[in-house]
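J.:
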Amino acid sequence: MENSITTLDIVSLCLKLDLAAKNIYDRFTNTCENQGIKNFWLETKTTEERHIEFWKTIIKLSNKNGLPEIFDSPDSVAKELELSLNKTQELLKKAEDSNSILETFLIAYKLEFYMMNPAFELLFHILGRNAEGLNPETDYMAHIKGFDEILKKHGLITPELELLGETLLHIWKESNRIARQTIIDELTSAYNRRGFMVVAEQLAELSRRNNSGIGIILIDIDHFKKINEAQGHQIGDRMLKQISEIIKSSLRASDLIGRYGGDEFIIFLPEVRHKGASLVAEKIRSAVEEANIEKTGVTVSIGSMDGHIKEEPQELIWEMIKQSESYLYAAKKGGRNMVMGNT
């Protein structure tokens, strides 16, 4: 049975939550008489406005191109967010009657607690590349730390509020960790296969709209199984981490790296010119060889492919991956430590 809830439904709930939060902070800004704290509420409201603009941008983009289905259990995610929205709307009513500064901070802490859902972090992380520089992923840590700083500055901190602040920071870190586990490979900090494909499809759609080329690169570590057996899995794990770092250092910030399999990495290159994929692939091959990782002389074989998106990005990506795999196998068959591709 298919899920009835879509990613767009979840994004719409996130928008409603941030709109309610913005209204609460707007009320606190308008009623606070202490100028320092008033400025803090204004900054907090501005943060929520950035989040609102993010969700609106994503919804606008989805009307043109749709959104990837990110969640394994979207119905349960939606139920959690709906519950948080109900509680947030109750807080909005309380905010209208709050008079003391400490009471407003208590409401604010509860508000932030209700909004600590891994769904936010996951959506920020995956959809942020499409949001025209509006990604609010880095806002939350500063957002939460700001509460404790302003309370301490004005001598308003109480044991209860201090504990709430520490709890919120812990929940935020745990929420971030859970969200990352869904799409990030823990060993190499590259995207896992699922995360890579979801984000790659978003970047491919951007490239289609911009009428620009894309590239796919598949990298396989030569004789990795033998090295693992001879040197031990600890060496093998360190090797994977170091090769991942070498690959990342060879890429642009806009490029995407994923761990495709046990000893395979995959790269997506947006906005790439003809022969761009093969040039990046050769740069990576040379860098790995020169690094002499763990003094093993390890090398990599690489298959690369570039192309131009005209219609369905998802279909083209899979076709390019398939062709890159064939080039990778040819590189290994041809003697390894080489790049083969369509350019």
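Residue numbering for the sequence shown follows my numbering, beginning at 1 and increasing consecutively.
Beta carbons: idealized from backbone N, C-alpha and C, even for Gly.
Counting pairs of Cβ atoms below 8 Å between the stretch 156-172 and the stretch 229-242, do you hit three or more?
T.: The stretch 156-172, when compared against the stretch 229-242, does not touch it at the 8 Å Cβ threshold.
J.: Pick helix, strand or coil for D18, following the three-state DSSP scheme.
T.: Helix.
J.: Considering only DSSP beta bridges, list what H308 is partnered with.
T.: Partner(s): G213.
J.: According to DSSP, L269 sits in a beta bridge with which residue or residues?
T.: Looking at the DSSP assignment, L269 forms a beta bridge with G215.
J.: Are the beta-carbon atoms of L256 and A179 separated by less than 9 Å?
T.: Cβ distance not < 9 Å, so L256 and A179 don't count as in contact.
J.: So, at 6 Å on beta carbons, what are the nonlocal neighbours of I267 in its own chain, with the 5 sequence-adjacent residues on each side left out?
T.: For I267, where only same-chain residues beyond five positions count, the Cβ hits under 6 Å are I217, I257.
J.: Mapping DSSP to helix, strand and coil, what is E149?
T.: In this structure, E149 counts as helix in the three-state DSSP scheme.
J.: Less than 7 Å between C-beta atoms, sequence neighbours within five positions excluded: which residues of the same chain meet that for R194?
T.: I183.
J.: Quick one: give me the first and last residue of the beta strand (DSSP E) that G258 is part of.
T.: Its beta strand (DSSP E) spans residues 256-259.
J.: Of the residues D222, K295, K248, which one's Cα is nearest the Cα of G334?
T.: Comparing Cα positions, the closest option is D222.
J.: Which word fits M1, buried or exposed, when buried means at least 16 other C-beta atoms lie within 10 angstroms of its C-beta?
T.: Any answer about M1 is weak, because its pLDDT of 39 lies below 50 and its placement is not dependable; what the coordinates show is given next. So M1 ends up on the exposed side.
J.: Put S264 into one of helix, strand or coil per three-state DSSP.
T.: According to the sequence provided, residue 264 is Glu. The question's Ser does not apply to it. Correct three-state label for E264: strand.
J.: Using 8 Å as the threshold, is the stretch 84-101 in touch with the stretch 142-150, meaning 3 or more CB pairs across them?
T.: In short, these stretches do not touch, since the Cβ pair count stays below three.
J.: Is the CB-CB distance between E121 and N192 below 9 Å?
T.: Contact: no.
J.: Could you check if E112 is buried or exposed, using at least 16 other CB atoms within 10 Å of its CB as the buried criterion?
T.: Buried.
J.: Quick one: any contact between the stretch 282-298 and the stretch 201-208, if contact means 3 or more CB pairs under 8 Å?
T.: Flag = no, the stretch 282-298 and the stretch 201-208 do not touch.
J.: Can you tell me whether E186 is buried or exposed? The criterion is at least 16 other CB atoms within 10 Å of its CB, across all chains shown.
T.: With fewer than 16 other Cβ atoms within 10 Å, it is exposed.
J.: Short of 7 Å in beta carbon distance, which residues of its chain neighbour K45, apart from the five on each side in sequence? Order them along the chain.
T.: For K45, where only same-chain residues beyond five positions count, the Cβ hits under 7 Å are K22, Y25, D26, T29.
J.: Just reading off the beta strand (DSSP E) that V339 is part of, what are its end residues?
T.: Here the beta strand (DSSP E) through V339 covers 339-341.
J.: Indicate whether V339 and S244 have their beta-carbon atoms separated by less than 9 Å.
T.: No, the Cβ-Cβ distance between V339 and S244 is not below 9 Å.
J.: State yes or no: is the C-beta of G303 within less than 9 Å of the C-beta of G341?
T.: Taking 9 Å as the Cβ cut-off, G303 and G341 qualify as a contacting pair.
J.: Within this structure, are the beta carbons of L67 and L8 separated by less than 9 Å?
T.: Yes, Cβ-Cβ distance for L67 and L8 is below 9 Å.
J.: From F54, F124, K153, pick the residue whose C-alpha is nearest to that of N34; which is it?
T.: For the residues F54, F124, K153, the minimum Cα distance to N34 belongs to K153.
J.: State the Cα-Cα distance for the pair K60 and F54, rounded to the nearest angstrom.
T.: If you take the alpha carbons of K60 and F54, they lie about 10 Å apart.
J.: If we require 3 or more residues per run, which beta strand (DSSP E) segments fall completely within the stretch 284-332?
T.: List check, beta strand (DSSP E) in window: 300-308.
J.: Identify the continuous alpha helix (DSSP H) that holds E80 and give its terminal residues.
T.: Run containing E80: 74-97, per the alpha helix (DSSP H) assignment.
J.: Count the other CB atoms, across all protein chains shown, that sit within 10 Å of the CB of T47; report buried if there are 16 or more and exposed otherwise.
T.: Label assigned to T47: buried.
J.: Can the beta-carbon of L17 be found closer than 9 Å to that of I58?
T.: Going by C-beta atoms, L17 is not nearer than 9 Å to I58.
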